[in-house]
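The structure appears below as structure tokens.
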Amino acid sequence: MNIRLSDNKVRFRITEDELHVLMSNNILMGKTNFPNGNKIIYRVSLSNDETHLSLVNGEQGSAICVAFPKNAVAELESETSTEKNVSEVVTLEDGLKCCFSLEVDIFDERKRGLKESRIKIENNVGGVV
Numbered sequence: 735m736n737i738r739l740s741d742n743k744v745r746f747r748i749t750e751d752e753l754h755v756l757m758s759n760n761i762l763m764g765k766t767n768f769p770n771g772n773k774i775i776y777r778v779s780l781s782n783d784e785t786h787l788s789l790v791n792g793e794q795g796s797a798i799c800v801a802f803p804k805n806a807v808a809e810l811e812s813e814t815s816t817e818k819n820v821s822e823v824v825t826l827e828d829g830l831k832c833c834f835s836l837e838v839d840i841f842d843e844r845k846r847g848l849k850e851s852r853i854k855i856e857n858n859v860g861g862v863v
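Residue numbers (our numbering): 735 to 863.
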């Protein structure tokens, strides 16, 4: 899972395999470790209704937790288009609006497969593939 933070936007980018894990477990987690034992934990989960956010500071580190509507995420599994994302603008407690999106990176999977095929062909030049 990759996260991109920008002005008033948080984007989670996951692979198709991670999407299947999210749908079966209702949660997907990752973390980034920093010096001195500090870390940021990020968690995507599924909710029954709307997108919501929680920011948690604890002994384990800081956590960004976003819950996306389960029915919207389920549609990502069945879609065949290249636009595989769920985006929601959420009004935060202080009145600011922030966009949260969950994207499925289907191109990365395809590129990886093509790259592996190319490597296999290059390694077997003159041989049978």
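Think of the CB as a built atom: it goes at the ideal place given N, C-alpha and C, for glycine as much as any other residue.
None of these values were measured; they are calculated from a predicted model.
Asked, Found
"Buried versus exposed call for residue 801 [16 or more other C-beta atoms within 10 Å across all chains shown]", "buried"
"Same chain only: Cβ atoms within 7 Å of residue 803, ignoring 5 sequence neighbours per side", "781, 783, 784, 785"
"Buried versus exposed call for residue 807 [16 or more other C-beta atoms within 10 Å across all chains shown]", "buried"
"Pair within 8 Å by beta-carbon distance, residue 747 and residue 837", "yes"
"Those residues which DSSP pairs with residue 837 across a bridge", "747, 819"
"Residue 839, buried or exposed, once every other Cβ within 10 Å from all chains shown has been counted against 16", "buried"
"In chain order, each alpha helix (DSSP H) run of at least 4 residues that lies wholly inside the stretch 765-792", "none"
"For residue 762, the nearest candidate out of 752, 768, 771 (CA to CA)", "752"
"Beta carbon of residue 819 nearer than 8 Å to that of residue 796", "no"
"Residue 756 classed as buried or exposed, judged by whether at least 16 other C-beta atoms fall within 10 angstroms", "buried"
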